Amino acid sequence: MRSAAAGDLVGREKSVGLLRTFLGAASETGGALVLTGDAGIGKSVLLDRAARMAPAAGASVLRGAGVEFEADVPYSGLHQVLLPLEGELDSLGPGPRDALAVALGFGVGPDPDRTQVSEATLALFGHVAARRPLLVVVDDVHWLDRASAGVLGWVAQRLEGSRVGFLAAARPAADSPFAHIGLPEHELRPLDDEAAADLLRARFPGLAAGVRVRLVAEAQGNPLALLELAGDAAGGGPAAADASQPQSPLRRVRTVFASRLDGLPAATVRLVLRAALDATGDPRILLSTGPGSPGPGDLEPAERAGLIRIEENPRRVVFAHPLIRSAVVGRSTSRERHAAHHDLAELLADHPERRAWHLAEATVEPDERVAALLDDVARRVLRRGDAVGAVSALVRAAELSPLGADRSRRLSEAAYIGADVTGELRGTPEMLAAARAADPGDDAPLHTAVSAAYILLTGEGDIDTAHHLLVGALEAFSARGGTDERVVNEAFHTLLLVCFFGGRPALWDPFHDILARSAGDGLVSLCISTFCDPARTGQDVLERLDGLIASCEEELDPSRIVWLSIAAVFVDRLSGLRRALWRIVRDGRQGGAVGSAINSLILLGIDDFLTSKWDEAQQLLDEGVRLCDELGYQVIAVPGRWGQALLAAVRGDFAAAEEQADDITRWAAPRGVRVAQVYSWHIRTLVALGRGDYEEAYRHAAAISPAGRFAFRTPIALWVAMDLVEAAVRSNRRSEAAAHVAAMRETAIASLSPRLALLAAGSAAMAASDSTATALFEEALRTPGAERWAFELARVRLAYGEHLRRARAIIAAREQLGRARDAFRRMGARPWAARAESELLATGRTRSQGEQLGPAALTSREREIAMLAASGLSNKKIGERLNLSSRTVGAHLRHVFQKLDITSRGALRDALGPLSSPSTDPAG
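Just add 159 to the spot in the sequence shown (first one is 1) and you have the numbering used here.
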């Protein structure tokens, strides 16, 4: 763009002032800013201006740009930015140094995950900025490859206090991770007619007034269009005359750029096309590949035409404007593009992934050698956690596969990863149909069956069809002597989920028969024990699981992390996997492993429920279920809805919990998803306990697993063990309570986890005789790590306090009851808090001895929200009225309920009394 060399930027004075302020602040305390606007609006010119202003202010500058044609090549954008710092890598510790070296192709070693690369990049920026401020400038971030965008977006959010500035440019509403992470933005608007005319008068004073007026109208305030059309008109080019057909200004600009290429030598055009198809700007792309091939000297005509330039420090090839790149590619023939990609593959032989992609683009006919290279790329990027990149590589490898069987295998694997990891459930049936068409036959190949069964299970909840398809394919695969370990493991993982959700012995028996004849993945064996039947898990299995969790930081495959978490959930070991699960959630939120992120959100939400972080649990479960609904993961939504209903039950929102239980059962029953019925019984057990309906609580808990034993392959039976005992004791079923305590002892559930040890000890105390109960309650309270499980611990304290009150140990009872009540109130467990308060009153303690309760205890904000809620407004409407989020309104209402000693919105009006008439019209 010719204006890049100009002094003042006409019509952009405010934007330049904003950049000057940003650079000054960033050089002291760090910061980020994204310029947004349409193509040609002036973003690149402002980035150039900032890059020139920064050294004058004492800052170093790093530059990079997204390139549409290399958006599938991982870390190509980051490579541009960090290439000048290759010599600085040794300043980092061995871990960060090796992570960056491998990711950028400077070294070899185990593939790092994106978090490692992100942390290493931030550390490297910090090291450089310790000497002098640093400005990182990245153009067209919407075209960055996903890996680079994820790293740079992560870094840009963490620059406070760093003396590092991050300045980027993006098109508005572009599908980029930068659009969703909340970085400060500055939108560039079109120039007004007066500024546009001033710009033309300043740059092209000889233009006739009529031409100037016409160009201002045609350019529609787009500076690039204005200047390039004016320059062409001044030189007598196509823009000198009125356009015969109405065109957008940018389309006309591309025509102008293309016309400049028409006069260049063929060797120059070949070289410029190479540069357009490469994202790095690496000068090596200008080298000759042999006789008849262009070399660096052939670039000069393009430099004189103002299309391209060679920058120094670092030395790299740069287009004058990103639109020139697309114009170059757009005017080329497919044969010319294939030749350019072939040259790039030869020149970049020391970058295996980049070479593979260029070879793939250079190849027209099926070629197994190139397909195998892309297959290897898919494996590597999947190990790094880039499932989207793996799917892209597998699909292109399938297109290049000469044999139908290989084409089918690669498409099926892409479909499975798409459904399981990236969240593309609705798009996978089409890919699966193509896989079947590539290798038709009487029997579905195992890889096709796995993908089809996973879609049937997670999408439609069709348990029986998925089971039949997988069992038949596994049997046939075994009979043919198949040895593909990866696809066998995927088959067993999927069949395990089918059996778990189906929950019937008839489903499990074939699974165990086939597994006994196969060398299954170790994770499958772990899950059969810890996930499907934890009550019968041995210590050797737990030790194996603990070892895998301890080494999880080195695991990058999102699917494997989720499966390890599934193995951990029912034996209370998710705490060691939370960092890995959060990595997946962050990646999914940026458009990566969305399917794995859904599972991770639900697993984290369940863990938060168990550890009484209920507000965070609600947010995570809501997000997970919303994504399931949007993307069609109906079966995966079931445990998410279970978690939502458990939260509603413990908070006293019994109607919502029961409605959720009804919905789960109604959807699952006709599909044979038996585990959903177990979830429903669990929800209703907690609801009944909260209401004090112990007959009903016992009935539902015993439906999960009868008193005195733990039902086979029913992991929820462990979680409701204390519920069953408490309900049995309070419904005068002492013998059933004792039998269940004995079953806990015989099964040794206390050895599985501290939480289950607390449940077992608390149950033993509840079921004990008055003479032994005190010692057993004290023993339960001494359970190591009991504080982590605050809800269960408070329930044990409540039961202990009730026992002490009956034994007339009033002082000791008040201590336990008070601590239980306070814990329940902090959590928002309103029914249990009310019960503890009632027990405290029965000890003769009045409320005045505790904190103030009733309407007078409400803050002004709580009173305002309470009155609006009493008038019938929903949390959403209240939030809109008061400019608060729905979650904040909900948190205030929980405090209101505690202070008013009520458990539902319906009781608000009476509890508030005269205060319940709001001063504003709720309909307004």
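Ideal placement from N, C-alpha and C gives every residue a C-beta, glycine not left out.
All values reported here derive from a predicted model rather than from experimental measurement.
Taking 8 Å as the cut-off, the Cβ atoms of Ile-200 and Pro-349 count as close.
DSSP places Val-888 in the uninterrupted alpha helix (DSSP H) bounded by 880 to 889. Taking 8 Å as the upper bound for CB-CB distance, Val-536 and Ala-552 are in contact here, some 5 Å apart. Ile-469 is bridged by DSSP to Val-476. According to the DSSP assignment, Phe-936 belongs to the alpha helix (DSSP H) that extends over 929 to 940. The secondary-structure analysis by DSSP pairs Leu-326 across a beta bridge with Leu-192 and Val-296.
Residue range 949 to 965 is occupied by the alpha helix (DSSP H) that includes Ala-958. In this structure, the alpha-carbon of Ala-726 lies about 13 Å from that of Gly-706. Nearest Cα to Gln-275 within the set Pro-269, Leu-283, Ala-258 and Phe-265: Ala-258. Under a 10 Å Cβ-count criterion, Pro-233 is classified as buried, with 16 or more other Cβ atoms of the shown protein chains found around its own Cβ. Look at the stretch 890 to 920 and you find these whole runs of alpha helix (DSSP H), each 4 residues long or longer: 893 to 906.
Distances from the alpha-carbon of Leu-616 to those of Ala-608, Val-609 and Ala-625 put Ala-625 closest.
Looking at the backbone, the Cα of Glu-470 and that of Gly-170 are separated by about 28 Å.
The Cβ atoms of Pro-442 and Val-476 lie closer than 8 Å to each other. In the same chain as Asp-270, and ignoring 5 residues on each side of it, the C-beta atoms closer than 7 Å to its own belong to Val-261, Arg-539, Arg-542, Arg-543 and Leu-715, in chain order.
Looking only at Ser-922, Leu-805 and Glu-247, the smallest Cα-Cα distance to Val-888 is reached by Ser-922. Non-local beta-carbon contacts of Trp-741 in its own chain, meaning distances under 8 Å to residues more than five positions away in sequence, involve Ser-759 and Leu-763 in chain order. Looking at Cys-711, Arg-514, Arg-429 and Pro-460, the one whose alpha-carbon comes closest to that of Ser-447 is Arg-429.
Counting along the chain, no alpha helix (DSSP H) covers Ala-828, and no H or E run does either. Annotation: the continuous beta strand (DSSP E) that includes Leu-221 extends over 219 to 224. In this structure, Thr-492 and Leu-458 do not form a Cβ contact; the two beta carbons are roughly 21 Å apart against a cut-off of 8 Å. By the neighbour-count criterion, in which 16 or more other beta carbons inside 10 Å mark a residue as buried, His-671 falls on the exposed side.
By the CB criterion at 8 Å, Val-431 and Leu-466 fall inside the cutoff.
DSSP places His-517 inside the alpha helix (DSSP H), whose first and last residues are 511 to 521.
8 Å or more divides the Cβ of Ser-755 from the Cβ of Val-547.
Listed in chain order, the alpha helix (DSSP H) elements of length 4 or more contained wholly in the stretch 696 to 736 are 698 to 709 and 717 to 728.
Rounded to the nearest whole angstrom, the CA to CA distance from Pro-331 to Gly-196 is 6 Å. Membership of Glu-344 in the beta strand (DSSP E) is indicated by the continuous run 344 to 346. Between the alpha carbons of Val-955 and Glu-998 lies a gap of roughly 14 Å. For Asp-621, the secondary structure class from DSSP, reduced to helix, strand or coil, is coil.
In this structure the stretch 979 to 995 lies against the stretch 1045 to 1058, because at least three pairs of beta carbons, one per stretch, are closer than 8 Å.
Per the coordinates, the alpha-carbon of Leu-533 lies some 8 Å from the alpha-carbon of Ala-519.
Under the three-state reduction of DSSP output, Pro-453 falls in the coil class, being neither helix nor strand.
Counting only runs of 4 or more residues that sit fully inside the stretch 1040 to 1069, the alpha helix (DSSP H) segments are 1045 to 1059, in chain order. Inter-residue distance for Ser-928 and Ala-898 is about 14 Å (C-alpha atoms, whole angstroms).
Put simply, of Leu-1000, Val-630, Asp-766 and Arg-1040 the residue whose alpha carbon is nearest the alpha carbon of Leu-655 is Val-630.
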